[in-house]
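Working notes for the structure below.
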RNA sequence: GGUCCUGUGGCCGAGUGGCUAGGCAGAGCUCUGCAAAAGCUCGUACAGCGGUUCGAAUCCGCUCGGGACCUCCA
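In the numbering used here, the protein residues as written are 772 to 1267.
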């Protein structure tokens, strides 16, 4: 049996995963900033790490999965310049900042449910951990790696870089960072351009504000993750995940802060998912190509030709390795939609099959099935290669469908192999990849009506009254209900 | 400008130097009252130019594309 290997961004290599505490895994994933509605881009990390979470649990680990909600600090919001937007909008609309944050948090949770992601073990908020953040900053100042200017606190990157490996995660050299030409807010207060804020003094109109030893202000952009990860996972933990765009400066800063504060390297395995692009471009507000969850599921966005079911998005994402960019297009999504439908139907067919007594044993087929099924684990162990798992499932689909159509006898493989096929397909489809049925089967009343219609149509067909039988099928089709006449004479239906 | 990633058949995408990825679309066939679904068969692709090698999509170099990060960002 192979061991789980994951690609560690810190060392740029696949490494055997071995947790700090045997049997337990601590995993932190950067959560969303809830200053606006979640979008397609957000779906990737949370679905990716949902599968990682599920797989680690499958391997028998007790996982503490921490995913934060960023609800404080320096926000951006649609149609406004970079400022603390939550506050501004809140003032204008006379809303409590927390009211706005709650709204987008709820929408995020709703989206996560649609994608069938498991809830994290702990979902801490930045605003709920101001005390911890202040405490961490105090320790960093005490150690001489931060300085106070006009009520703001900055991290001394140069001093850190002299003693530690700053830039290792993002492959950056401190000298290169000094050449940045951007003008940033508060730049003039910093001793060095590379320094970053731990605490920022708040202007009087700033509503999100907290008392601190340095005056009234709000926490810097990176300290919340360090504080919450430390609190719930300890000064060193196993996995830290997030999007590749967070590698620098966010994660690099996290390492620096935590290292000074806790005197050890915070994270053992850094995992970064790649971006979703649209026409080769990263999705981002500045590109004007953001598709929100609600737009995605309803099809109400100029880029979209139709609505896409959340499961289709999930499947689409899992068809690509998490470290590759994934290019979005209507065509690609429609391909995923069809592929998922076919795969899921094969899976349902498999669940309906039953095994009686072995006969006409087909050793070659048996061996092929065993190989394809056993590779599920091998592929997952190879840096979570969900795309390959799905490819194998697609290879199994024709075999399963042939068993259903009885062109291949279920009993031509061993009872053990059949059981393996059924249990592993269920395990991987539902528990590990977290896929679900796309079509709903309606309620009991609809079931009854459909049975009635199918019976009437069957009688018409028996009488060769194809006008009636086709009328029933065509009318139902217009309503989005598809009828399929199976080889065994039965008719099945599903809602498209 | 700096750092890094990347370029696979109509589209999307796996690819660890030699052995079919897979999906969608397309073509043909089987089944079928018709349809849908399903099954079978089929494209022989790796940006270009060199190099290493018995052998490269896979390693190296150059050229040309594309992208990410360097600023909040999943």
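Each residue gets a CB set at the ideal place from its N, CA and C atoms; glycine is no exception.
Since we're looking at a predicted model, the values are computed, not measured.
A distance below 8 Å between beta-carbons, with the five flanking residues on each side excluded, links residue 1180 to the following residues of its chain, in chain order: 1130, 1131 and 1174. Just measuring C-alpha positions, the residue of 817, 830 and 798 sitting nearest residue 773 is 830. Within 10 angstroms of the beta-carbon of residue 1044 lie 16 or more other beta-carbons, which makes it buried.
If you compare the alpha carbons of 911, 841 and 826 with that of residue 834, the shortest gap goes to 826. For the pair residue 1073 and residue 1047, the Cα-to-Cα distance works out to about 18 Å. Put simply, of 1082, 935, 1247 and 843 the residue whose alpha carbon is nearest the alpha carbon of residue 978 is 843. Non-local C-beta neighbours of residue 1117 in its own chain, meaning closer than 6 Å and more than five positions away in sequence, comprise 1168, 1171 and 1172, ordered along the chain.
For residue 798, the uninterrupted beta strand (DSSP E) segment begins and ends at 795-800.
Two segments are said to touch when three or more pairs of C-beta atoms, one from each, lie closer than 8 Å; by this definition the region 994-1001 touches the region 893-909. Contact check between the region 927-946 and the region 1006-1019: three or more CB pairs, one atom from each, fall below 8 Å, which counts as touching. For residue 1223, the closest C-alpha among the options 1195, 1263 and 1208 is that of 1263. Classified as buried, residue 819 has 16 or more neighbouring CB atoms from the shown chains inside 10 Å of its CB. Boundaries of the alpha helix (DSSP H) harbouring residue 882: 868-885, taken from the DSSP string. Under the three-state reduction of DSSP, residue 1127 is assigned to coil, being neither helix nor strand. Per DSSP, the continuous beta strand (DSSP E) segment holding residue 1254 begins and ends at 1252-1256.
Residue burial is scored here from C-beta neighbours: residue 1227 has fewer than 16 other C-beta atoms within 10 angstroms and is therefore classed as exposed.
Taking C-beta atoms as the reference points, residue 924 and residue 913 fail to come closer than 8 Å. In the structure shown, the three-state DSSP call for residue 812 is helix. The region 795-813 makes no contact with the region 774-785; the number of CB pairs closer than 8 Å stays below 3. In the structure shown, residue 969 falls within a strand segment according to DSSP collapsed to helix, strand and coil. DSSP lists no bridge partner for residue 1139. DSSP assignment within the region 1198-1259 yields the following whole beta strand (DSSP E) runs of 3 residues or more, N-terminal first: 1252-1256. Burial check for residue 1024: the Cβ neighbour count within 10 Å reaches 16 or more, so the residue is buried.
Under the DSSP definition of a beta bridge, residue 990 partners with 970. Residue 800 is positioned such that its CB atom lies closer than 8 Å to that of residue 816. Linking residue 990 to residue 970 through their CA atoms gives a straight-line distance of about 4 Å. In the DSSP assignment, residue 925 falls outside any alpha helix (DSSP H) and lies within the beta strand (DSSP E) extending over 923-926. If you look at residue 1014, you'll find it isn't in any alpha helix (DSSP H); it sits in the beta strand (DSSP E) that goes 1008-1014. Collapsing the DSSP output to three states places residue 1035 in coil. Under the Cβ criterion (8 Å, minimum of three pairs), the region 1062-1071 does not count as touching the region 1187-1204.
Around the beta carbon of residue 794, a 10 Å sphere encloses fewer than 16 other beta carbons of the protein chains shown; the residue is thus reported as exposed.
Contact between residue 1119 and residue 1083 does not hold, since their C-beta atoms are separated by about 17 Å, which reaches or exceeds 8 Å. When DSSP states are grouped into helix, strand and coil, residue 1098 belongs to the strand group. For the region 891-933, the continuous alpha helix (DSSP H) assignments of 4+ residues that do not extend past its boundaries occur at 901-913, in sequence order. Taken in chain order, the whole beta strand (DSSP E) runs of length 3 or more contained in the region 1017-1080 are 1038-1044 and 1047-1049. The region 1131-1149 and the region 1028-1044 do not touch, with fewer than 3 CB-CB distances between them shorter than 8 Å.
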